[in-house]
Every structure is written in structure tokens, then in C-alpha cells.
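Chemist:
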Amino acid sequence: MTAGGRLPGPRWRLTGALKLGGLALVLALLVSLPFLTGSFYVSLATQGLYLGLFALSINLLAGYGGMITLGQAGVSGIAGYGLAIFLTRFNWPLGVAIVAALALTVAAAFLGALAMRTSGVYFLMVTLAEGMVIWGIAQRWNTVTGGDNGIRGVTRPGFASVYWKYYYFTLAVVALCVALIALVVRSPFGLTLRGIRESEGRMGPLGYNVALHKLVAFVVAGVFAGVSGLLLAMDNNFFSPSSVHLKASADGLLMSILGGMGTLTGAFVGSGVFVFITNYVSGYLTRWPTLLGLIFVLVILFARDGIVGAWNRWVWAPLLRRAGQAEEAELAKEAAREVASGLLSGPPAGVGTKGGPQ
Amino acid sequence: MPVTGRAFVLQVLNGISFGALLFLLSSGFQLIFGLMRIVNLAHGSFYLVGGYIGLSVLRAGGNFWLAVGAAALSVAAIGLVVELGLLRRLRGQAMPEVLLTVGLSLIFADLSLARWGGDPQILPSPPGLQGSIHLGSLTYPTFRLFVLALGALVAAGLWLLLSRTRIGAIVRAGADDQEMVMALGVNIRAVFAGAFTIGALLAGIAGIVGGVFLGLYPGADGEILLFALVVVILGGLGSLQGAMVGSLLVGLIDAFGRELVPSLSYFLLFAPMALVLIFRPRGLFGKATT
Numbered sequence: 010m011t012a013g014g015r016l017p018g019p020r021w022r023l024t025g026a027l028k029l030g031g032l033a034l035v036l037a038l039l040v041s042l043p044f045l046t047g048s049f050y051v052s053l054a055t056q057g058l059y060l061g062l063f064a065l066s067i068n069l070l071a072g073y074g075g076m077i078t079l080g081q082a083g084v085s086g087i088a089g090y091g092l093a094i095f096l097t098r099f100n101w102p103l104g105v106a107i108v109a110a111l112a113l114t115v116a117a118a119f120l121g122a123l124a125m126r127t128s129g130v131y132f133l134m135v136t137l138a139e140g141m142v143i144w145g146i147a148q149r150w151n152t153v154t155g156g157d158n159g160i161r162g163v164t165r166p167g168f169a170s171v172y173w174k175y176y177y178f179t180l181a182v183v184a185l186c187v188a189l190i191a192l193v194v195r196s197p198f199g200l201t202l203r204g205i206r207e208s209e210g211r212m213g214p215l216g217y218n219v220a221l222h223k224l225v226a227f228v229v230a231g232v233f234a235g236v237s238g239l240l241l242a243m244d245n246n247f248f249s250p251s252s253v254h255l256k257a258s259a260d261g262l263l264m265s266i267l268g269g270m271g272t273l274t275g276a277f278v279g280s281g282v283f284v285f286i287t288n289y290v291s292g293y294l295t296r297w298p299t300l301l302g303l304i305f306v307l308v309i310l311f312a313r314d315g316i317v318g319a320w321n322r323w324v325w326a327p328l329l330r331r332a333g334q335a336e337e338a339e340l341a342k343e344a345a346r347e348v349a350s351g352l353l354s355g356p357p358a359g360v361g362t363k364g365g366p367q
Numbered sequence: 027m028p029v030t031g032r033a034f035v036l037q038v039l040n041g042i043s044f045g046a047l048l049f050l051l052s053s054g055f056q057l058i059f060g061l062m063r064i065v066n067l068a069h070g071s072f073y074l075v076g077g078y079i080g081l082s083v084l085r086a087g088g089n090f091w092l093a094v095g096a097a098a099l100s101v102a103a104i105g106l107v108v109e110l111g112l113l114r115r116l117r118g119q120a121m122p123e124v125l126l127t128v129g130l131s132l133i134f135a136d137l138s139l140a141r142w143g144g145d146p147q148i149l150p151s152p153p154g155l156q157g158s159i160h161l162g163s164l165t166y167p168t169f170r171l172f173v174l175a176l177g178a179l180v181a182a183g184l185w186l187l188l189s190r191t192r193i194g195a196i197v198r199a200g201a202d203d204q205e206m207v208m209a210l211g212v213n214i215r216a217v218f219a220g221a222f223t224i225g226a227l228l229a230g231i232a233g234i235v236g237g238v239f240l241g242l243y244p245g246a247d248g249e250i251l252l253f254a255l256v257v258v259i260l261g262g263l264g265s266l267q268g269a270m271v272g273s274l275l276v277g278l279i280d281a282f283g284r285e286l287v288p289s290l291s292y293f294l295l296f297a298p299m300a301l302v303l304i305f306r307p308r309g310l311f312g313k314a315t316t
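Protein chains in written order, with this note's numbering: chain W, 10 to 367; chain S, 27 to 316.
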């Protein structure tokens, strides 16, 4: 990520061109994927795309807004269950059901408003509890949610029923969402959000409505999480409590930290690794969930800026320096550092934290 | 469903005894947070692993009290290793500490599944505490009454420890001002390790109690963690009185919720949490940040 607010000079153009080239290459690869390989890997890629969007929604909230959530699967589950219920119980047409389900995620505003009364680790605790309450309701309210069995019969759009068509559909939707998120992040709103992450106490006196910014971020992130929930439900033709569980939220958080918080690409790098482990490595290693947990622990201990951060630090920065762009190289390293230090060691829990057991 | 007088008393007892179980869990959670500022999201895993270790001891022919001892000590040992080996490296960094415990909970969940399988298991009540006691016209399971007493005992013990002993004074001082306590020559690292170990030990005991009450199964860790977190959010992070009052509230709400609206009992859990967050976000007994 280059620093905002600098005048575009020749150096900027070189790194910018390299990044654009990389993006074009990745896009070309994604578009040609169904021609290169069979249904198995295309389906995995589909999964990687919507899980990446899910991780990105967490990243938007955590990496940019400094609000680390462990309840995002609950929010995406509201959309997933909404779609499944509208389709199978009410027999609504798919388009209407999708719009209605997304509208439901705006209800996440209420969850967000509650969680925002706290911050830091307390925020994490509250979102975890909220997500698990949604899970509990999904699991117990048999007549509506089908309980543990979930809801079958979620349909894909008619034009995207075959696996490769659904892949292109997912690719288009996710690409659109990423473009929107990129806009949000670079907008004045996104910059304010980063300001809040860095120093919440100063943004208020500067005249920013901190609470409103955080709430809007929560809702925006919630809608994107909702989109990923819809894509998941349509991909599996099915939605069940396991997609809402704390584990799903933790997986999403793992993806976004592993990839690199506060970066757009990180979420997808993280989801790629995740899908690779859950679908491929799992064929050889029965205890793959332990591997995921170990990766989580190791990343927190040793590599908080994630894969994208490591790339910036060890590959990108030296490359730039060799090309005679020491300043750019420093910026790349700084970006990597910022993610690790600014976010993860962030401020202590917000509210009710002073004083111990009495 | 109408609640008759007798059914009402029954649910109150159910609620209080479940509350006692929640207190075993949340008091350890609060002890750890109050002193070390660590939100231990692996607390549910400590609970589940404790229950499973008890199960193994019982299967190997050990008696119930041996199982309790083994579970408590093994989970305490696990807690000590986690604290000395991992959390100590991150001291003072609130968020990485929490996230580390999230990673650990994923590992514990998977290893428990590997070792003890996916079928739900129920621990038998210990001999002497099986069957029911007649209280007037009411019959009530003896074990649940025992848990109620155990909860009260642990509450009293913790209160005495914290308010009447030198160790308790150090713990309270450490919660308020770590640097000053260290400057006074107290080995605060040892106190931290001790607090974390005791918190884990309590979770291990809770696991056995929960194994008899609710059964052990993959996912029980996350479910009980939710209850513990709601207790803590209601009562106030780091406060022992908060854990006590919160546990009773959540226990009672859950007992009546299950009876009256079984399919939406989780929503009843959410409502008081929402109210507290709206009107008193630091919880009923939480101190304000200064």
C-alpha cells in the first residue's frame, strides 16, 4: 500500500504500474481458471473467493476500524438464514429473497450499536457473545431454522447453476465488492476510520463523530459479510448452524490476520491458504484443525503482519531498494509494521477494565 | 405453559445450581482478567478438557473424587504451561493475548475430538450424591444441591483468599498498580502464573460438574464460554461480585427460558446483555475506566 496524499511522481508511477500489472495478471488467471482445470479446483476457488470476502469484511472492521470481531459469522449467518428461509418457507423468487436477506444484515446495526458501547478486547467479547446467541437461536428454533439439520433447497440463480457458471457469478460479485471496499477504504470515510483506529481519543475533539463512523463501518462490513453468506448458501444449496458458529468467525479472523490485516489482498491470500488446508491438506492430515490452530498461535506470536506484511518486508521492500527507491522501500516496510503494531497490540479494553477482583 | 408454585421452586433451584456451575467457570475467568488483563477465551476449552480427563479416570476405574482431582490438577498444569510458555511472551498486549487463546481453543477442540470422539458423554453422579432428596413436598437431585453448596464454598474461599490473606492483598494490589507492586519487591510474575493456574483449576472442576449436568461433547466448550461471557458482561469484567450476581442471573434466566420458550431461550440470554450494554456498559459491578 503506498502512502496516501503524496504527489504522484515517476517513482509512484513505477510501483503503481507494477501493482496494476500484478492485479491484471491475477484477474486474467482467475478468469481463465475454468479453462485450465476441472470442477474440483474451480469449486475450491469459488469457496476461496467468498471466504475471502468474508475475511475482508472482518478486515474492514478490524484492520481499518480497529474493531476486532469474533461474531462476524453471526452477521453473515443472518443473511444466509434469511435467504434460506425466504426461499424455502415463503417461496419468494430468488432476486427478492436476496434483496430481503441483505436488508436483514442492516439489522446488524443493532448488534454493532450494542458492541460499540465497548472497545478493544471487551468489544471482541461482546461480538463473540452476539454471534453465539445467533448460533444458539439458529440451533434451537427448529420450526424456522431447521435446527441442527439446517435448511436445504437454497437455489442458485438460474443462469449460474453449473459449477463454472457459479464460479464466474461469484467472481463477478466478489470483484464488485472488493472494488466497493477499495473505494470505501480510500474515501475520506475510510481515512477517518483509520484515524479512529490509530487514536480514537483524538478524533472526537477534532470534530469527527466517532460513534457514527464506527457504526457505519459495522453496517457496511456487515452487508459485505452478508453477501459472502449468501454466496456460501447458494454454493452449498444449504445453510446450517455451523456456518454461524464461533469457529466460523474465528476462521475468518484467522484468514484476515494470516493474510495481513489492513490490506485488501491479505484477506484473499488468507482464504486461499485456509481453503488449501481445509480441502487439500485435510486429505493427508486428519488433525488439520489443529494445524489451523497452530498457525493461528504462531502468527500471533511471530508474524502479526501476516503473509502480505512478510511479502512487503522481505520481498517487495528489498526489490524497491535495489531499484533505487529507498523511500518507497521504507514505506512498504512501514506499512507492514503498522499493521502488526498499530492493530494487534492496540489499546487496552475500553470500558470497565480498571480494578481487579475485590 | 403455566408455572405452578412447585414448578417455580424447581426452576429456581435449577437456575441457582446452574448459576453455581457458571460461577465456578466465571470466577476463574474474572480472577485471570482482574489481575492480568487477559481475556481467556480458552476457558471453555479448559472446562471441556477437564470434563474429558475426569471421564478417562472414571473409565479407567478411578472413583469420582479421584476424577475431580485429576481433572483439576491436569487442567491447572495445562494452564500453567500456557501461561509460562505462551502468554508470558505477550505480556501487556491485550489483543494478541486474547487472539492467542482463540488459537489455543481451536487446538484443544480438535485434540479433544481426536482423543475422546464426537459422541456426547455424560458423567455419572458420584456415589452418595446420586438420587434425590425430599425437601418437603419437593424432590430434587442431590448432586445439584451439592453443586450449589460447592459454588457457595468456592465463592467464600475466593473471597477469604482475596480479602483476608497476604496473597489476596498482592493480587488486589497487582490488579490496581502492577509497577508499584513490583517496585515493592513482589514477584508479580509468580503471582500471575499462580492466578492463571487457579483460574484453570476452577475451570477443570467446572468441567466435571458440567459433565454430570450437561454432558460433554464437541462444541460444549463454545457453548459454556458463551454463558461465561454473558455472565461477565452482565456482572462487569474483572469483578468477583459481578461473577456471582451475573452467574445467578444467567442461571435463572436460562432455567426459566428453557421451561417457557425452549426454542428462543438464547434470545432471553441476549436481552439482559443488551440492556446492560445500553445502560451500564461496564456491567453491574464493573469499575469505570479512569
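Glycine is no exception: its CB is placed at the ideal position from the N, C-alpha and C atoms. Bear in mind that the values here come from a model prediction, so they are computed numbers and not experimental data.
1) So, at 8 Å on beta carbons, what are the nonlocal neighbours of Gly41 of chain S in its own chain, with the 5 sequence-adjacent residues on each side left out?
2) May I ask which residues mark the beginning and end of the alpha helix (DSSP H) holding Ile87 of chain W?
3) List the residues of chain S that Pro152 of chain W touches, going by C-beta distances under 9 Å, in chain order.
4) Short of 7 Å Cβ to Cβ, which residues in the segment 268-294 of chain W face chain S?
5) With burial defined as no fewer than 16 other Cβ atoms inside 10 Å of the residue's Cβ, what is the status of Leu249 of chain S: buried or exposed?
6) Taking a contact to mean a Cβ-Cβ separation below 8 Å, would you say Met62 of chain S touches Ala195 of chain S in this structure?
7) Using a Cβ cut-off of 7 Å, which residues of the segment 60-75 of chain S contact any Cβ in chain W, in chain order?
8) Listing by chain order, which chain S residues have their CB less than 7 Å from the CB of Thr299 of chain W?
9) Measure the C-alpha to C-alpha separation of Gly13 of chain W and Thr201 of chain W and round it to an integer number of angstroms.
10) Please classify Lys363 of chain W: does DSSP put it in a helix, a strand, or coil?
11) At a CB-CB cut-off below 7 Å, which residues of chain S make contact with Ala138 of chain W?
12) Out of S:Leu294, S:Leu186, S:Leu174, point me to the one whose CA is closest to Val235 of chain S's CA.
13) Tell me whether Phe169 of chain S sits in a helix, a strand or coil according to DSSP, three-state version.
14) Using a threshold of 8 Å, state whether the C-beta atoms of Leu187 of chain S and Ile193 of chain S are closer than that.
15) Run through DSSP, which three-state label would Arg161 of chain W get?
16) Val153 of chain W and Ile94 of chain W: beta carbons closer than 8 Å?
17) Give a yes or no on whether 8 Å exceeds the smallest Cβ distance from Val306 of chain W to chain S.
18) Quick one: list the residues of chain W neighbouring Met270 of chain S, beta-carbon separation under 8 Å, in chain order.
19) So Ala219 of chain S packs on Phe134 of chain S, CB below 8 Å; how close in whole Å?
20) Can you look up Ile159 of chain S in the DSSP assignment and give me helix, strand or coil?
21) By the 10 Å Cβ neighbour count, where 16 or more other Cβ atoms means buried, how is Thr114 of chain W classified, buried or exposed?
22) Counting beta carbon pairs with one atom in the segment 189-209 of chain W and one in the segment 56-75 of chain W, are three or more of them shorter than 8 Å?
23) In three-state DSSP terms, what is Leu262 of chain W?
24) Along chain S, which residues have their Cβ under 7 Å away from the Cβ of Ile369 of chain W?
25) Specify the secondary structure class of Phe247 of chain W as computed by DSSP and reduced to three states.
26) Between the C-alpha atoms of Gly245 of chain S and Tyr78 of chain S, what's the straight-line distance to the nearest angstrom?
27) Here's the rule I'm using: 16 or more other beta-carbon atoms within 10 Å means buried, otherwise exposed. How should Glu139 of chain W be labelled?
28) Does any CB atom of chain W fall closer than 8 Å to the CB of Ala140 of chain S?
29) At which residues does the alpha helix (DSSP H) containing Asn321 of chain W begin and terminate?
30) Name the DSSP bridge partner or partners of Leu242 of chain S?
31) Is Leu263 of chain S near Leu74 of chain S, with beta carbons less than 8 Å apart?
32) Are there three or more Cβ pairs, one per stretch, closer than 8 Å when the segment 87-97 of chain S is compared with the segment 47-54 of chain S?
33) Excluding five sequence neighbours on each side, which residues of the same chain lie with their C-beta closer than 7 Å to the C-beta of Ser291 of chain S?
34) One question on the structure: do Val101 of chain S and Phe72 of chain S come within less than 8 Å of each other, judged by their Cβ atoms?
35) Is DSSP giving Gly31 of chain S helix, strand or coil here?
Modeler: Reading from the atomic positions:
1) Leu274, Gly277, Leu278, Ile279, Asp280, Ala281, Phe282
2) 81-97
3) It is Thr, not Pro, that sits at residue 152 of chain W in the sequence shown. Correct list: Ser289.
4) none
5) Reading off the sequence, residue 249 of chain S comes out as Glu, not Leu. By the 10 Å Cβ count, Glu249 of chain S comes out buried.
6) no
7) Gly60, Leu61, Arg63, Val65
8) Ile133, Asp136, Leu137
9) The pLDDT assigned to Gly13 of chain W is 46, lower than 50, so where the model puts this residue is not dependable; a value taken from the coordinates is nonetheless given after this. Whole-angstrom Cα-Cα distance: 13 Å.
10) With a pLDDT of 34 at Lys363 of chain W, under the threshold of 50, the predicted position of this residue should be treated as unreliable, and no value is reported.
11) Leu252, Leu255, Val256, Ile259, Met299
12) S:Leu174
13) helix
14) yes
15) strand
16) yes
17) yes
18) Here the premise fails: no neighbours, minimum Cβ distance about 11 Å.
19) Contact doesn't hold; Cβ gap of about 20 Å is too wide.
20) strand
21) buried
22) yes
23) helix
24) Nothing in the structure corresponds to residue 369 of chain W, since chain W is present only between 10 and 367.
25) Look at Phe247 of chain W here: in three-state DSSP terms it is strand.
26) Rounded to whole angstroms, Gly245 of chain S and Tyr78 of chain S show a C-alpha spacing of 13 Å.
27) So Glu139 of chain W ends up on the buried side.
28) yes
29) Counting along the chain, Asn321 of chain W falls outside any alpha helix (DSSP H), and DSSP gives it neither H nor E.
30) S:Gln147
31) In this structure, Leu74 of chain S does not lie closer than 8 Å to Leu263 of chain S by Cβ.
32) no
33) Asp280, Gly283, Arg284
34) yes
35) Here Gly31 of chain S sits in helix by DSSP.
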